[in-house]
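So the structure is just underneath, and the comments pick up after that.
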Amino acid sequence: MAKKIGVTMEVGNDGVAVITITNPPVNSLASPIIAGLKEKFQDANQRNDVKAIVLTGNNGRFSGGFDINVFQQVHKTGDLSLMPEVSVELVCNLMEDSRKPVVAAVEGLALGGGLELAMACHARVAAPKAQLGLPELTLGVIPGFGGTQRLPRLVGLAKATDMILLSKSILSEEGHKLGLVDALVPPGDLLSASRKWALDIADGRKPFLRSLHRTDKIGSLSEARAILKNSRQLAKKIAPNMPQHHACIEVIEEGIVHGGYSGVLKEAEVFKQLVLSDTAKGLVHVFFAQRATSKVPNVTDVGLKPRPIKKVAIIGGGLMGSGIATALLLSNIRVLLKEINTEYLMKGIKSVEANIKGLVSRGKLTQDKAGKALSLLKGVLDYTEFKDVDMVIEAVIENIQLKQSIFKELEKVCSPHCILASNTSTIDLDVIGEKTNSKDRIVGAHFFSPAHLMTLLEIVRSKNTSAQVILDLMAVGKAIKKVPVVVGNCIGFAVNRTFFPYAQAAHMLTNLGVDLFRIDSVITSFGLPLGPFQLGDLAGHGIGLAVGPIYAKVYGDRMFNSPLTELLLKSGRNGKINGRGFYIYEKGSKPKPDPQVLSIVEESRKLTNIMPGGKPRSVSDKEIVEMILFPVVNEACRVLDEGVVIRAADLDIASVLGMSFPSYRGGIVFWADMVGPKYIYERLKRLSETYGGFFKPSRYLEERAMKGMLLSESQSSRSRM
Ligand SMILES: CCCCCCCCC[C@H](O)CC(=O)SCCNC(=O)CCNC(=O)[C@H](O)C(C)(C)COP(=O)(O)OP(=O)(O)OC[C@H]1O[C@@H](n2cnc3c(N)ncnc32)[C@H](O)[C@@H]1OP(=O)(O)O
Ligand SMILES: NC(=O)c1ccc[n+]([C@@H]2O[C@H](COP(=O)([O-])OP(=O)(O)OC[C@H]3O[C@@H](n4cnc5c(N)ncnc54)[C@H](O)[C@@H]3O)[C@@H](O)[C@H]2O)c1
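Under this note's numbering, think of the first position of the sequence shown as 30, with each following residue one higher.
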């Protein structure tokens, strides 16, 4: 059945016209809604029986803002005329400058264009806990319905810039304190209180305030300039590679210096430039890609319902087990934590406590909630209490025999409906479950470290994992605030497999004579938070050395064998964990490049002997990015070709959330498509002619490059899922 969308108007006997937006699920401001609002406001302004107007949203949500699908259409077509002229025609002329008072009745959420409409009203009445904010910068644009001008005038410049630049929403309770919300009322009284407020304005009992005309909260010009100076510094720090933050500050400043209306005009002009930027394209793609991960063919579309998961057992209280336990406890799921002996169990429990304490000390969790979470944790040393758990997550050391014997045991001690998950990062799930008769309920739950903070959860399905089990794990993932991405079973799954060439390419470049600290710096300037060497330090070089052969066994034809890791470990440098890797780690200070590591690099160069003519290869920054990231794209192509992910966009999200690939570049595949498959193919081909198989373009990349296709274009169903 088609969903009912539109704008309605009902005029009551009291002379109040209630205009209601209906566009489920979030009442986004799609083109028919904008057209409907224009029509209804015109009508209400003209009708003699209307004294005042209330604007509201249907089904407990005011509005989630402008329809983001329109941005995507603009990105596909380049056609700016798809975006309606709203900020003057509707928001200023028909609403704010109306002679009849307009009151916003806000419930649930008013975000982006939704809050902007509310701010153009002459007062705002809200229900408790409504979410208010201008998150447009997360989409690469700025508020475009006058929000850059009205928010500073309603809450003050410092608070407004903070909310807009950081895309921070607030609750209506805070909005009330700040003056953004005029009255807080229970949801049941929202419409009656709003009608009354509108009539009070009409009859002169309450002030008729036009937000754009207010100046009482923005202070003097010199105060405003000081705030904007701080904002520019903040923007430089938080968004060095993005244009919208600085552009937004310019637009706000225009309004401060030349008046709100001038600001509104500049806002529309800048909006049009920004919406076509690569940043907006990347961020809008990520918005939809993230939501698309919840749609898994033959799992989420076959009428199955997730089963409740109330109690989970975790085997292994080390780094991962304690992090996973923390995430579950914080979402009110009971946890049994099993270890091999009391000493390790106490260590595991202490780690969970430390994780939770850390959240409290950073103001992310109240003491009350921390206490409640910890009360749901129980440590055990055997399987006696496993009989009534809904799910087990195994997180013991990476050892095939150990994992196989654990799963064999689990089959005996757990109930037949219990989900059996492994957090393995490299072992084939089919091998883990080989000795069981429970292959349909064995699934990979691949968390990323630190598991209580990183949001990606790769759900690894083997060819036997049942749809119900995948759906259940997806529901648990969402409940614990992760973004679950369903992936196929292969060494490294989606993220680690796609990014294994990242470190390898960096090692190759270093062995070719490029300075390793320069490589890290170029890659962080590109937008990844850590360059490959610092990332290696963080993961620990011991792990790097241990997983190397596992990858080599299956992907050996495209591995670069660097002696650097082994030499590093020989010299006692395991990375951050022991304070020394490529960098030196001291408590309280930033990692420092260690010049002493250069002699180890020299030794490695002698062993590999790949420098052309024995001289360091000279490379530009652009070449560094290409030599490091194009092999990653090449592996991403193989992941797509083998159907390890359902759709290319899933790999984008996995790369953004699992590897912190910059979201404003849209994820690894989206970025590659922007660069151009043909260009990447040609570069890799040339590199492979000089440096061999490591750079050899994959079949998928070659095919797409030859046919002029994008890497993300869907293919005739190769998916293994
Ligand atoms: C000349 C210049 C002309 C200028 C014209 C244009 C000017 C525009 C000006 C305006 O300032 C710009 C904006 O308003 S941009 C939008 C700002 N709003 C947001 O960024 C909010 C985005 N949405 C969310 O954060 C969340 O969805 C939510 C609203 C908090 C709800 O979260 P919840 O977890 O409940 O649900 P989700 O799964 O996220 O979403 C459910 C489905 O709804 C879709 N959706 C959500 N918001 C929008 C939206 N604004 N537009 C279109 N679609 C939206 C979402 O995609 C989900 O869809 P599914 O199909 O996956 O179910
Ligand atoms: N470290 C990472 O970044 C990372 C990321 C994702 C996945 N993983 C995977 O997670 C798993 C655990 O890794 P980790 O880094 O937490 O290891 P870890 O060494 O920190 O912890 C493993 C724990 O398992 C315990 N253990 C061993 N046998 C046990 C048994 N029979 N019963 C109960 N406990 C037992 C050990 O005592 C140890 O405390 C591995 O499979 C690893 O590949 C690790």
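Where is the CB? At the ideal position from N, CA and C, for every residue including glycine. None of these values were measured; they are calculated from a predicted model.
Sequence-distant Cβ neighbours of N74 in its own chain, meaning closer than 7 Å and more than five residues away, are L123, S127, K129. The continuous alpha helix (DSSP H) containing H570 extends over residues 570-584. Distance check between L627 and each of I338, D544, D211, E615 places D544 closest, using alpha-carbon atoms only. Nearest neighbour of A342 by Cα position, chosen from P326, E368, Q319, K158, turns out to be E368.
The closest CA to that of D245, considering only G542, K266, R182, V328, is found on R182.
A Cβ-Cβ contact shorter than 8 Å links H151 with V132. Proximity of the stretch 311-322 to the stretch 384-397 falls short of the contact definition, fewer than three beta-carbon pairs being nearer than 8 Å. H475 sits in a strand when the DSSP states are folded into three classes. By alpha-carbon distance to G65, the top candidate from L84, L739, L195 is L84.
Judged by beta-carbon spacing, D419 lies within the 8 Å limit of I448, meaning their Cβ atoms are closer than that value.
Excluding residues up to 5 positions away in sequence, A81, P130, V132, H151, A152, P236, F237 lie with their Cβ nearer than 8 Å to the Cβ of I230 in the same chain. Taking 7 Å as the cut-off, the C-beta of M112 counts as close to a heavy atom of ligand 1. Residue range 524-540 is occupied by the alpha helix (DSSP H) that includes T527. Secondary structure at Q625: coil, using DSSP grouped into helix, strand and coil. Counting the other CB atoms within 10 Å of its CB gives E372 a total below 16, which places it among the exposed residues.
In this structure the stretch 631-641 lies against the stretch 577-596, because at least three pairs of beta carbons, one per stretch, are closer than 8 Å.
Just so you know, the alpha carbons of S116 and G94 end up roughly 13 Å apart.
Between A212 and V154, the CB-CB gap stays under 8 Å. Beta-bridge pairing by DSSP links E487 to H475, V514. Here the stretch 475-482 makes contact with the stretch 336-353; the two share three or more CB pairs at distances below 8 Å. Counting only residues of its own chain and dropping the five nearest sequence neighbours on each side, F528 has a CB closer than 7 Å to the CB of V661, M688.
Three or more Cβ pairs closer than 8 Å define a contact, and the stretch 136-145 meets that threshold against the stretch 90-109.
Judged by DSSP secondary structure, L84 falls within the beta strand (DSSP E) whose first and last residues are 81-86.
Here DSSP, grouped into helix, strand and coil, assigns K265 to helix. Exclusion of the five residues before and after R609 leaves G601, R602, N603, D623 as the residues of its chain whose Cβ lies within less than 8 Å of its Cβ. If the five residues before and after E595 are omitted, its C-beta is found closer than 7 Å to the C-beta atoms of L574, all from its own chain and listed in chain order. Of the other Cβ atoms in all chains shown, fewer than 16 fall within 10 Å of the Cβ of N259; this residue is therefore exposed. Distances from the CA of G672 to each of P157, V184, G577, S491 were compared; the closest alpha carbon is that of S491. Residue pairing by DSSP places F95 opposite L58 in a beta bridge. Relative to the non-hydrogen atoms of ligand 1, the Cβ of V170 comes within a distance shorter than 7 Å of at least one. The beta carbon of E165 sits closer than 7 Å to at least one heavy atom of ligand 1.
Three or more Cβ pairs closer than 8 Å define a contact, and the stretch 677-692 meets that threshold against the stretch 510-518. For L194, the closest C-alpha among the options L166, Q101, T539 is that of L166.
In this structure, E382 is the residue among E382, S454, Y412, E414 with its C-alpha nearest to the C-alpha of S404. Three or more beta-carbon pairs separated by less than 8 Å link the stretch 492-508 to the stretch 326-336, which places the two stretches in contact.
Ranked by Cα distance from C443, the options E283, N42, R470 are led by R470.
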